[in-house]
Amino acid sequence: MRDEAVRALRRGVAVLVLAGLVLAPWAVDDYTVALLARTLALGLVGVSVALLTGVAGLPTLGQTAPYAAGAYASAVVGSRLSDVAVVHLVVAAAAGAALAAATVPLVVYARGVIVLMITLAIGELVVTVVGRWRSVTGGTDGLAGVPPVRPLWGLPVLATDRARYLYALAVVAVLVGAVLLILRTRVGLLLRAGRDDEARLRASGHRVSAHVAAVHVAAGAVAGAAGSLLVVAQQFVSPADFGFDTSALLLLGVVVGGVASVGGALVGTAIVIAARDWLFGVLPGHAPLVLGVAFVATVYLLPGDGRRPAGVRGRLLPGLPAEPPGAERPAPTGARA
Numbered sequence: 004m005r006d007e008a009v010r011a012l013r014r015g016v017a018v019l020v021l022a023g024l025v026l027a028p029w030a031v032d033d034y035t036v037a038l039l040a041r042t043l044a045l046g047l048v049g050v051s052v053a054l055l056t057g058v059a060g061l062p063t064l065g066q067t068a069p070y071a072a073g074a075y076a077s078a079v080v081g082s083r084l085s086d087v088a089v090v091h092l093v094v095a096a097a098a099g100a101a102l103a104a105a106t107v108p109l110v111v112y113a114r115g116v117i118v119l120m121i122t123l124a125i126g127e128l129v130v131t132v133v134g135r136w137r138s139v140t141g142g143t144d145g146l147a148g149v150p151p152v153r154p155l156w157g158l159p160v161l162a163t164d165r166a167r168y169l170y171a172l173a174v175v176a177v178l179v180g181a182v183l184l185i186l187r188t189r190v191g192l193l194l195r196a197g198r199d200d201e202a203r204l205r206a207s208g209h210r211v212s213a214h215v216a217a218v219h220v221a222a223g224a225v226a227g228a229a230g231s232l233l234v235v236a237q238q239f240v241s242p243a244d245f246g247f248d249t250s251a252l253l254l255l256g257v258v259v260g261g262v263a264s265v266g267g268a269l270v271g272t273a274i275v276i277a278a279r280d281w282l283f284g285v286l287p288g289h290a291p292l293v294l295g296v297a298f299v300a301t302v303y304l305l306p307g308d309g310r311r312p313a314g315v316r317g318r319l320l321p322g323l324p325a326e327p328p329g330a331e332r333p334a335p336t337g338a339r340a
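Under our numbering, the first residue of the sequence shown carries the number 4, and numbering increases by one thereafter.
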């Protein structure tokens with residue numbers, strides 16, 4: 004009964020939040036609406052980070068790579084081929100998924116800190132490539148003047164910040180809903196089982212690496228779709244949108260919102276972005292340092308679950324021991340058969 008009440012409360016809160024987001028463009032100025040649209044795009048990348056870090060147990064600092072691939076694919080299509088947003092979205096998701104698939108051999112067989120370093124290197128490599136490939140990406144100057152899009156064939160162009168924001172909100176709502184539905188199926192159960200006890204799942208005959216590879220590609224598609232939303236929102240893209248600071252902000256947002264929570268990833272990312280923008284105004288030049296300290300404090304101070312050194316720290320660094328050296332363990336209550 005209590006679980007049903009909690010679920011009902013969560014659904015009620017989700018409905019209220021969604022209603023607030025729908026009404027937001029009529030309550031704030033155009034600049035804030037544009038900022039909210041970009042925040043939605045980053046929040047969707049945060050969802051892909053939560054899928055890998057919290058659900059699959061694969062901590063990552065590299066989701067800016069498929070995010071960049073999707074953004075540039077969308078910008079190129081918009082500038083040269085089509086102004087239909089759905090086409091942009093599909094192409095961007097495919098680009099993100101393709102890049103993620105290409106990096107599967109590097110990522111899915113590693114764990115813990117090694118994964119963080121590999122994914123960080125992939126993200127930085129992609130930023131370097133788009134910064135040098137001037138004929139396609141515009142180099143460090145980026146691609147400017149991407150024409151506004153229309154949601155579907157025959158519909159009017161999204162000519163205002165409000166229209167672009169509402170389009171981004173609709174896409175994020177659909178994709179997050181799809182992710183939540185999939186995680187409630189057997190697929191989500193297997194991913195969580197592999198995260199919590201990979202050896203046992205392997206012993207039961209499941210191909211854990213295949214599961215992780217699949218979610219890695221799916222997360223790449225989600226991040227790629229987010230890249231398309233970024234281009235729709237700001238009609239411009241450059242390598243500066245995908246640097247290490249963005250990767251760190253995304254991971255911090257997921258940590259703040261709850262590592263294994265898809266909805267929490269959206270909320271946490273929004274909180275961190277708002278805090279960053281506020282800190283840049285209050286402490287110019289020191290905001291990255293403050294956010295870095297906040298990240299370290301969050302990872303080490305959030306409570307654990309009794310089996311990990313801390314809920315977040317154990318998820319990000321699963322190789323760490325669950326108990327400090329010399330700690331006494333409770334005596335066993337019986338023998339295993």
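From the three backbone atoms N, C-alpha and C, an ideal C-beta is built for every residue, glycine too.
Because the structure is a prediction, the values reported are computed rather than measured.
Of G142, A222, G197, the smallest CA-CA separation from S212 is found for G197.
Per DSSP, L194 is one residue of the alpha helix (DSSP H) stretching across 189-199.
Shown here for A53: same chain residues with a beta carbon closer than 6 Å to its own, the five before and five after excluded, namely V257, V265, A268 in chain order.
Considering only V234, T56, G145, the residue with the shortest C-alpha distance to A74 is V234. The bridge partners DSSP lists for F239 are A147. In the three-state DSSP reduction, V160 falls in the coil class, being neither helix nor strand.
Take the alpha-carbon of T106 and the one of I121: they are about 10 Å apart. Secondary structure note for F247: its alpha helix (DSSP H) is the uninterrupted segment 247-260.
One thing to note: S77 has its Cβ within 8 Å of the Cβ of G230. With a threshold of 16 other beta carbon atoms within 10 Å, D244 meets it and is buried. Excluding residues up to 5 positions away in sequence, V152, R153, P154, L155, L161, Y170, S231, V235 lie with their Cβ nearer than 8 Å to the Cβ of A88 in the same chain. Note on geometry: alpha-carbon atoms of A228 and R41 lie some 13 Å from one another. According to DSSP, residue pairing for R153 in a beta bridge involves V87. From the listed residues Q238, T140, L47, L123, the smallest Cα separation to A72 is found for T140. Of the residues L19, L292, S51, the one whose Cα lies closest to the Cα of L186 is S51.
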